[in-house]
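In the numbering used here, the protein residues as written are 26 to 191. To start, the structure itself, in structure tokens.
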């Protein structure tokens, strides 16, 4: 019986993502975006897909198009909300779009505990570092066992250092 070659879409998606990252390093953002889109289409509904969405957002931010980055960043968070980098990137995108106060109102509801992360980051992006730290600290106390909590705690430490150096 001849050897059968199995096409693995997830593996191919990973390869396209890596190609996209290579293009990003070379500042070929359009090509990078296309590679990330191919990666998503090959592997649309996994935790890994969130990485591809976030990479698209990063590429759009790099070329000065936060309006194009917003949806991919939001998709990354929908796909996997426990990666702190995705929250930080989306908060920066909202700031670049001038949506910080509008989004603060949106994330002020407490139905989803992860909303506190975005709310805290939005306060920090708005310049109210102390209030942002307090909100993030409340999150770490109410959700001590989530995967994202250690990253939030580390960010709080870094932000407190910034506050103390002002």
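Each residue gets a CB set at the ideal place from its N, CA and C atoms; glycine is no exception.
Residue 157 versus residue 138: straight-line alpha-carbon distance, rounded = In the chain shown, the residue the question calls residue 157 occupies position 132. In the chain shown, the residue the question calls residue 138 occupies position 113. One C-alpha to the other measures close to 15 Å.
Report back the beta-carbon spacing between residue 97 and residue 108 to the nearest angstrom; my notes put them in contact at under 8 Å.
-> Taking the chain shown and counting its residues from 1, one reaches residue 97 at position 72. Taking the chain shown and counting its residues from 1, one reaches residue 108 at position 83. That pair is no contact at about 14 Å.
Have a look at residue 176 and residue 118 and give me their C-alpha separation to the nearest angstrom.
-> Numbered from its first residue, the chain shown carries residue 176 at position 151. Numbered from its first residue, the chain shown carries residue 118 at position 93. Spanning the two alpha carbons is a distance of roughly 20 Å.
Residue 29 - DSSP class collapsed to helix/strand/coil = Residue 29 sits at position 4 when you count from the first residue of the chain shown. Residue state, collapsed to three classes: coil.
If you drop the 5 nearest sequence neighbours on each side, which residues of the same chain put their C-beta closer than 6 Å to that of residue 116?
-> Walking along the chain shown from the start, residue 116 turns up at place 91. Cβ within range, chain order: 146, 147 and 150.
Go through its chain and collect everything with a Cβ distance to residue 159's Cβ below 7 Å, but skip five positions before and after it.
-> As a position in the chain shown, residue 159 is number 134, starting the count at 1. If we look at residue 159 and ignore the five residues flanking it on each side, it has no Cβ neighbours.
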